[in-house]
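Chains as they are written, first to last, in our numbering: chain D, 777 to 1134; chain U, 777 to 1134.
All C-beta atoms in this analysis are idealised placements derived from N, C-alpha and C, irrespective of residue type, glycine included.
Worksheet: one structure, shown below.
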């Protein structure tokens, strides 16, 4: 299987194709890390094809395949079911791709493909219970209304989950974000939400849920895997690797985004998250990673929301490189150097922020 | 006056600095042209420095300088005043910059730096009336809370308007967008809104309104001008030049954004706008600009909102280049080729959309 997005560019300048994607797909400016819940419009967006036109009045989610009782759920049906609201940190599996050498040609994220939203929806598991999964069902396939070509294959965006993941209590069919109906770009009128997984699993503009007796082999299932080259069967990308980011301190130069900070006491702050376990440690280095100190952690958040951290720094005049590193509850820590992979996925190298203290 | 953003790059690849800006500053995906009012989160954003942290409870807008009665307006003060809601199309003066050869180094917009929002606020003119402009006042200077360095100069973002423009009925201090409080990225808690002008005039995070006896000479006033080179005094950028854009038809390839469309009858649609006069004509070409036909125009919108258009096209199999061109009520039409200027401002070359009809 080949795709135009499976090529690489040498280090350095960004192609016109990458620019077209960067102009469409929004990152979260890192000062957005100051909010517990990312305001609408600052959350990252990655949209493979076009944002579909959608009419909530006629929209249905079809539940079929290997089920005993196929269902067709309207938006009023979904809204009449029990509702849950939960803050969830979502990150694009391609975050950090533009830092790789050579650079896989796709959406050129630096570090900003993240956001935390308060999603409201109804749990999927009881719906699957009512539909009655057949004993031979091994996966649920989720298909969106967004249609296009990728890797030479024309398809509706689709992804699958193993039955056990799809049946988790916290997997939702979400129809609101931050207390308002989903805006078009977040999957209006309804999307899947898979807390803890990279964003590719949370299929937007959800049209169909299909119980399948075989593992799904669609393009998007193939594309999101860690592999050395195109022929490597690879390891599927699932849960979000740990990462901490800081609000860049001081103020920026417009074009270079170089940071200037006044000397003296300064509170560095940011957020950290992991899709596998709670964040248990955040360390800060003010000398490029030679020496580290523990940051103070904020209260333990909801299971899949980012955790705040802060660190008091006495900034002395001169040039400094700030670095931040997270470790989660199963002991996974961010690497100082990024291992490379073919599609540039699941990168979580530490953030480095050069600052000039005056 | 020199700025790192006043250099140019040869045609071709995008620098890392431009990518950093593109990852922060959101464009409107062009399928967003289907909405009369752009949903929150799809409107373009251009933020020179960082999004400031703002507390509406303590925020004030100071009105001072050459006035008889200086004022300090809190958010409750502003909300207690008469409120107006109006749909306004806003466009970044740098839209289209990345299509120039050589390419001025700044935010690398293609064509997506636009949006139409329903802004709510209170007119500025009565406030200036109450403050009492001194006879010697010639301009109002508007300063935001966003702080940084550009062109080697550290400053709060600031821009001025001549008194006559500032006193227009439709110039607002806006505190809501699309019926909700401004989100942080749109200037929370209050911004200036100057309908018809490129976005640089609508100062966000508004802190101070200063009546001045001399023309303002701040960096941002200098930077937004059409000039041949850095030493050219240039012509200030003010009102939005006419432009039409179409929703790219069919569906895209993920990486190249190349469009594929099924043959047969197809409705091409989009929006057109101008800051100087109503849109009176939109023409469509399906052969790269050799022959043109008039599109049907939607109802005349509010004075500064974009106008819808559509065109029925019988798409025959093969390769086509769609082009769209707007003309406004004072006879200004979009150029087929873009005249170059030093900062890459006020570009409004026609949009060209290659499509493969199958």
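Considering only the beta carbon of each residue, do residue i and residue j sit closer than 8 Å?
i, j, result
"residue 870 of chain D", "residue 1121 of chain D", "yes"
"residue 1101 of chain D", "residue 1020 of chain D", "yes"
"residue 804 of chain D", "residue 795 of chain D", "no"
"residue 1133 of chain U", "residue 1039 of chain U", "yes"
"residue 979 of chain U", "residue 968 of chain U", "yes"
"residue 1139 of chain U", "residue 1022 of chain U", "Shown here, chain U extends from 777 to 1134; a query on residue 1139 of chain U therefore has no answer."
"residue 1033 of chain D", "residue 1103 of chain D", "no"
"residue 785 of chain D", "residue 799 of chain U", "no"
"residue 829 of chain U", "residue 845 of chain D", "no"
"residue 1000 of chain U", "residue 864 of chain U", "no"
"residue 1060 of chain U", "residue 949 of chain U", "no"
"residue 851 of chain U", "residue 965 of chain U", "yes"
"residue 1138 of chain U", "residue 789 of chain D", "This structure leaves residue 1138 of chain U out entirely; chain U is present only between 777 and 1134."
"residue 866 of chain U", "residue 1010 of chain U", "no"
"residue 1129 of chain D", "residue 1112 of chain D", "no"
"residue 1018 of chain D", "residue 1078 of chain D", "no"
"residue 1037 of chain D", "residue 1092 of chain D", "no"
"residue 970 of chain U", "residue 907 of chain U", "no"
On a CA-only basis, which of the options is nearest residue i? Give me that one, please.
i, options, result
"residue 988 of chain D", "D:839, D:820 and D:824", "D:839"
"residue 909 of chain D", "D:1112, D:847 and D:983", "D:847"
"residue 1042 of chain D", "D:985, D:1025 and D:1076", "D:1025"
"residue 732 of chain U", "U:1124, U:1046, U:1081 and U:1077", "Only positions 777 to 1134 of chain U appear in the structure, and residue 732 of chain U is not among them; the question remains open."
"residue 994 of chain U", "U:807, U:925 and U:1090", "U:925"
"residue 1107 of chain D", "D:1055, D:895 and D:1062", "D:1055"
"residue 1096 of chain D", "D:1064, D:832, D:868 and D:1075", "D:1064"
"residue 783 of chain U", "U:891, U:899 and U:1005", "U:1005"
"residue 1076 of chain U", "U:912, U:902, U:1007 and U:1105", "U:1105"
"residue 892 of chain D", "D:1074, D:929 and D:972", "D:972"
"residue 941 of chain D", "D:929, D:899 and D:920", "D:899"
"residue 835 of chain D", "D:902, D:1067, D:992 and D:920", "D:920"
"residue 1094 of chain U", "U:1062, U:1074, U:1067 and U:855", "U:1062"
Please check the pair residue i and residue j, which I expect to be a contact at CB under 8 Å, by giving their CB distance rounded to whole angstroms.
i, j, result
"residue 1085 of chain D", "residue 1072 of chain D", "7 Å"
"residue 1155 of chain U", "residue 821 of chain U", "Nothing about residue 1155 of chain U can be read from this structure; chain U reaches only from 777 to 1134."
"residue 816 of chain D", "residue 813 of chain U", "Not really, about 15 Å apart at Cβ, beyond 8 Å."
"residue 1118 of chain D", "residue 1003 of chain D", "5 Å"
"residue 826 of chain D", "residue 1030 of chain U", "Not quite, the Cβ-Cβ distance comes to about 11 Å (not below 8 Å), so this is no contact."
"residue 982 of chain D", "residue 963 of chain D", "7 Å"
"residue 986 of chain U", "residue 841 of chain U", "4 Å"
"residue 1124 of chain D", "residue 876 of chain D", "At roughly 12 Å, the Cβ-Cβ gap does not stay under 8 Å, so residue 1124 of chain D and residue 876 of chain D are not in contact."
"residue 1083 of chain D", "residue 1053 of chain D", "Not confirmed; about 11 Å, so no contact."
"residue 1131 of chain D", "residue 1035 of chain D", "4 Å"
"residue 951 of chain D", "residue 957 of chain D", "7 Å"
"residue 922 of chain U", "residue 824 of chain U", "6 Å"
"residue 872 of chain U", "residue 1114 of chain U", "7 Å"
Under 8 Å between beta-carbons, which chain C residues line up against residue i? List them in chain order, please.
i, result
"residue 952 of chain U", "The chain inventory of the structure shown lacks chain C, comprising the protein chains D and U."
Give me the subset of the region 868-884 of chain U whose CB atoms are less than 8 Å from a CB atom of chain D, sorted by chain position. Correct list: 874, 881, 882 and 884.
Touching by the beta-carbon criterion (3+ pairs, under 8 Å), the region 920-938 of chain U and the region 873-883 of chain U: In short, these stretches do not touch, since the Cβ pair count stays below three.
If contact is defined by three or more beta carbon pairs under 8 Å, each pair taking one atom from either stretch, is the region 886-893 of chain U in contact with the region 911-928 of chain U? They do not touch, by the three-pair rule.
Assess, as a yes-or-no matter, whether the region 939-954 of chain D is touched by the region 853-863 of chain D under the definition of 3 or more beta carbon pairs within less than 8 Å. Yes, they touch.
Using a Cβ-Cβ cut-off of less than 8 Å, give me the residues of the region 792-806 of chain D that come near chain U, in sequence order. Contact residues of the region 792-806 of chain D toward chain U are 792, 793, 794, 795, 796, 797, 798, 799, 800, 802, 803 and 805 (C-beta to C-beta distance below 8 Å).
What residues in the region 834-856 of chain D bring their beta carbon closer than 7 Å to a beta carbon of chain U? So the list is empty, because no residue satisfies the distance condition.
Going along the region 956-985 of chain U in order, which residues come within less than 9 Å of chain D, judged by CB to CB distance? Residues of the region 956-985 of chain U with a C-beta less than 9 Å from any C-beta of chain D: 956, 959, 960, 961, 962 and 964, listed in chain order.
Where the region 920-943 of chain D meets chain U: residues whose CB sits under 7 Å from a CB there: Against chain U - using a Cβ distance shorter than 7 Å - the residues of the region 920-943 of chain D are 923, 924, 925 and 926.
Using a Cβ-Cβ cutoff of 9 Å, what residues of the region 808-832 of chain U are near chain D? List them in chain order. Listed in sequence order: 808, 810, 811, 815, 816, 817, 818, 819, 821, 823, 824, 825, 826, 827, 828 and 829.
Anything in the region 883-902 of chain D with a Cβ closer than 8 Å to a Cβ of chain U? List those residues in chain order, please. For the region 883-902 of chain D, which is checked against every Cβ of chain U, the residues closer than 8 Å are 884, 885, 886 and 888.
What are the residues of the region 1027-1043 of chain D that lie near chain U, defined by any Cβ-Cβ distance shorter than 9 Å? Result list: 1027, 1028, 1029, 1030, 1031, 1032, 1033, 1034 and 1036.
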